[in-house]
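Residue numbers (our numbering), protein chains in the order written: chain A, 33 to 354; chain B, 14 to 237.
Rendered as C-alpha cells:
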C-alpha cells in the first residue's frame with residue numbers, strides 16, 4: 033500500500049534522507065521511530081508531497097505521488113488521511129464542520145458531508161460534541177476529532193505524525209486503541225511516526241528505525257524485539273536502571289528470545305556458575321511469544337565470561353552488560 | 014434669551030445633524046470600500062511574501078513599496094493630490110462623495126498592511142492540514158486563512174474606521190464636508206467655541222460607537 037524506493041532528500045549540503053526503502057502492506061500498522069533529527073519529519077513531508085524528494089519514488093496505493101503536481105497531487109492527497117501532533121483543527125469551525133472540511137474541499141454537497149461527519153464523530157465517540165468548538169474540547173477529544181477528520185474522505189492510508197506526543201498516558205492509550213480499531217474495522221493502512229517506544233510496542237505490527245536519515249533497522253515488531261543484542265530492542269523493551277556499587281560483581285544480560293528463564297537457569301547451573309540474583313527483567317508478550325531480557329549479577333569478571341560462554345554454547349544470547 | 018450660542022446657534026441646531034450624517038456616510042463608505050479592496054490586496058501581499066502560499070519576493074517588494082509610499086504621504090496632501098482623480102470619479106472635487114474617493118485610497122494600503130499581519134497569525138499547521146486534504150490555494154485562503162483570522166480582520170477594520178473618522182475631519186479643511194468642515198468654518202474661522210465643542214463631542218461619540226461595535230463583532234466570531 034505504501035512503497036518507498038531509494039528515497040533521498042538533500043537540503044543544500046545536508047543529507048536528510050538517504051536510500052530509504054520501505055514497504056507497508058495493506059491493513060498493517062507500521063511505526064517509524066528515531067531521535068529528533070533522524071529524518072522522521074522530512075520523511076512524512078515527502079510522503080505527503082509537501083516536500084519533493086531529491087530522488088526516489090513514493091507510491092501510495094499504486095500512485096507515485098512524486099510524479100504528481102497541481103490537481104493530480106491534490107487528488108492523490110485525498111487518499112491519505114493525516115493526523116497531526118498538534119491536531120490543527122480550525123478554531124473557527126465546530127467539531128462537525130472540521131470533520132466535514134475534507135469533504136467540502138472535495139466538493140461534496142453540504143447535507144451529504146455533514147451527515148458523514150456526524151457518523152464519523154459518533155464512530156470516534158464524540159457524537160454528543162458535534163457543535164462544540166475546538167476550544168471547548170480536551171486534548172484527547174481534539175485528537176479524536178482530528179482522527180475523524182482524517183477519515184472523512186475515506187482514505188486508504190492514515191499517516192499519524194506524533195499523534196499522542198502531546199497527550200497524557202491514559203489519553204494516549206485511548207487514542208492508540210482507537211487507531212487500532214480503525215485498522216481492524218476499516219482495514220486502513222496506518223503509518224505512525226513517533227519518538228515514543230511505547231506507541232510502537234502498543235500497536236505496531238512492524239517497525240522501522242531511522243538514524244541519521246537512513247533505515248537502521250526494519251522488520252516485524254516481534255522479530256525486531258526478539259533480535260538479541262539489538263539497540264532498538266533495548267529501547268523498545270527497556271530495563272529499569274540498576275545501581276551497582278560493588279565492583280566485584282559483574283552483570284550479565286540474557287535475551288529470552290527463543291528460550292525461557294528455566295532453560296537459562298539450568299544452563300547456568302550445569303556450567304557451575306552461580307547466577308546470584310536477577311536484578312532486572314523486562315518481558316513483553318508480543319504475538320503470543322514471550323520476549324524480553326534478564327540481567328543477572330555474577331561474582332567477578334571471570335565468572336561472567338564463563339557464564340556467557342556457557343550460555344552462548346547453548347544457543348542463548350548473552351552479553352556482559354554495561 | 015439673546016445669547017446666540019448652543020441651542021440658539023443655527024450652526025448647531027440646523028447644520029449639526031446633516032454634518033454628522035455626512036461624516037457617518039463618509040466613514041462607512043470609505044471603510045467599506047477600503048475593506049473591499051484592501052482585503053484582497055492584503056491577501057495578495059501575504060501570499061506573495063516569504064513563507065506565503067506562493068512566495069514571489071520581487072512582486073512582494075514592489076507591492077510593499079507602493080503600500081509604504083501611499084501610507085507615508087500626509088493625508089492632507091493626498092487629498093489635494095487626488096482632487097483631479099476625485100473629480101473624474103464622482104464629477105466634483107467638493108462634497109463628501111469626493112472625499113470618500115481620497116479617504117478610500119488613503120485607507121486601502123493601511124488596511125492591506127493590517128490584513129497581511131492578521132493572516133500571518135494563522136498557524137502553519139492549519140494550512141498544512143488543509144493542503145493535505147487536497148485543498149487548492151484559493152480554498153486555503155477562503156476556508157482557512159480568512160475565517161481563522163476573522164477576529165483580527167474585524168479588529169483591523171475597526172482601527173481603519175476610527176482612523177478614517179479623524180481623516181474626514183481633516184478633509185473638512187479642503188471642502189470635504191461633514192463635521193470637520195463645520196468645525197473649521199464655524200468653530201475655527203468664526204470663533205464659535207460652542208460649535209467646535211459640539212463637533213468634537215459628536216466625533217468622540219462616533220469613535221466610541223465604532224469601537225464598541227467592532228469589539229462586539231470581533232468577539233462574536235472569536236471561538237479561540
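Glycine included, every Cβ here is placed at the ideal spot set by N, Cα and C.
Cβ of residue i within 8 Å of any chain B Cβ
i                      : result
residue 238 of chain A : no
residue 107 of chain A : yes
residue 110 of chain A : yes
residue 124 of chain A : yes
residue 114 of chain A : yes
residue 136 of chain A : yes
residue 80 of chain A  : yes
residue 227 of chain A : no
Any C-beta of chain A under 8 Å from that of residue i
i                      : result
residue 149 of chain B : yes
residue 45 of chain B  : no
residue 63 of chain B  : no
residue 144 of chain B : yes
residue 129 of chain B : no
residue 168 of chain B : no
residue 163 of chain B : yes
residue 152 of chain B : yes
residue 156 of chain B : yes
residue 17 of chain B  : no
residue 160 of chain B : yes
C-beta contact flag for residue i and residue j at 8 Å
i                      : j                      : result
residue 178 of chain B : residue 213 of chain B : no
residue 329 of chain A : residue 342 of chain A : no
residue 36 of chain A  : residue 54 of chain A  : yes
residue 161 of chain B : residue 122 of chain A : yes
residue 238 of chain A : residue 251 of chain A : yes
residue 260 of chain A : residue 349 of chain A : yes
residue 185 of chain A : residue 135 of chain A : yes
residue 156 of chain A : residue 169 of chain A : no
residue 91 of chain B  : residue 43 of chain B  : no
residue 167 of chain A : residue 237 of chain B : yes
residue 139 of chain B : residue 120 of chain A : yes
residue 336 of chain A : residue 282 of chain A : yes
residue 190 of chain A : residue 65 of chain A  : no
residue 221 of chain A : residue 56 of chain A  : yes
residue 56 of chain B  : residue 107 of chain B : no
Beta-bridge partners of residue i, as assigned by DSSP
i                      : result
residue 318 of chain A : A/321
residue 47 of chain A  : A/42
residue 181 of chain A : According to DSSP, residue 181 of chain A bridges with nothing at all.
residue 252 of chain A : A/238
residue 63 of chain A  : A/224 and A/239
residue 327 of chain A : A/285 and A/312
Supposed contact pair residue j and residue i - C-beta distance, whole angstroms, cut 8 Å
i                      : j                      : result
residue 270 of chain A : residue 314 of chain A : 6 Å
residue 163 of chain A : residue 126 of chain A : 5 Å
residue 203 of chain A : residue 172 of chain A : 4 Å
residue 268 of chain A : residue 233 of chain A : 6 Å
residue 211 of chain A : residue 254 of chain A : Not quite, the Cβ-Cβ distance comes to about 19 Å (not below 8 Å), so this is no contact.
residue 246 of chain A : residue 288 of chain A : Contact doesn't hold; Cβ gap of about 29 Å is too wide.
residue 236 of chain A : residue 63 of chain A  : 4 Å
residue 80 of chain A  : residue 41 of chain A  : Incorrect: roughly 13 Å between the Cβ atoms, too far for contact.
Amino acids of chain D, ordered along the chain, whose beta-carbon sits closer than 9 Å to that of residue i
i                      : result
residue 237 of chain B : The question asks about chain D, but that chain is absent: this structure's protein chains are A and B.
Chain B contacts from the segment 155 to 183 of chain A (Cβ-Cβ distance under 7 Å)
165 and 167
Output needed in chain order: residues of the segment 109 to 140 of chain B with a Cβ under 8 Å from some Cβ in chain A.
136, 138 and 139
Between the segment 38 to 65 of chain A and chain B, which residues of the former have CB atoms less than 7 Å from a CB of the latter, in chain order?
none
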